[in-house]
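So the structure is just underneath, and the comments pick up after that.
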Amino acid sequence: MKSRKRSRKNLDGRIKQIMGLALRVNRETKYSVFLDFSGHVKQVSVQIHLGGWSSSSDPDYSKYFYLDYVSPHRFAACAEIRAKLNSLLPRK
132 MKSRKRSRKN
142 LDGRIKQIMG
152 LALRVNRETK
162 YSVFLDFSGH
172 VKQVSVQIHL
182 GGWSSSSDPD
192 YSKYFYLDYV
202 SPHRFAACAE
212 IRAKLNSLLP
222 RK
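Each residue of the sequence shown is one higher than the last, beginning at 132 in the working numbering.
So this is what it looks like as structure tokens:
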């Protein structure tokens, strides 16, 4: 039981990091990041428009994962999304 709780807490922390990075990318760059949480299916999705959002264009990057999917996939997806968002931020 503790392992499941620890895993959920770890995943929550990663999602919060992704949310913070998405906010920073939107504030500090010309890119548009959409982050959605669909509670009814327990899904998190991220879409990135590298040229800024336009109704006539598809996202340049899109990734989603389910919170209750019992696999390392969700952690790998978080890592991939974090890496992508970090790569968009200006170097200091």
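Glycine included, every Cβ here is placed at the ideal spot set by N, Cα and C.
According to the Cβ coordinates, are residue i and residue j closer than 8 angstroms?
i    : j    : result
D142 : R205 : Just to set this straight, residue 142 is Leu in the shown sequence, not Asp. Their beta carbons are under 8 angstroms apart, which means L142 touches R205 by this criterion.
R155 : L220 : yes
N217 : L152 : yes
W184 : S169 : no
F196 : A210 : no
Could you give the DSSP three-state label for residue i: helix, strand or coil?
i    : result
G181 : Sequence check: residue 181 is Leu here, not Gly. Coil, per DSSP.
D250 : No answer is possible for residue 250: the residues shown for the chain start at 132 and end at 223.
K173 : coil
L219 : helix
S193 : strand
S163 : strand
Between residue i and chain B, is there a C-beta pair that is closer than 8 angstroms?
i    : result
Y192 : Here there is only one protein chain, and chain B is not present.
Measuring CA to CA, which of the options is closest to residue i?
i    : options                   : result
K194 : S187, V175, S185 and S188 : V175
T160 : C209, M150, P190 and L181 : L181
Q178 : H171, S188, S187 and Y192 : Y192
K215 : I149, G144, K173 and D189 : I149
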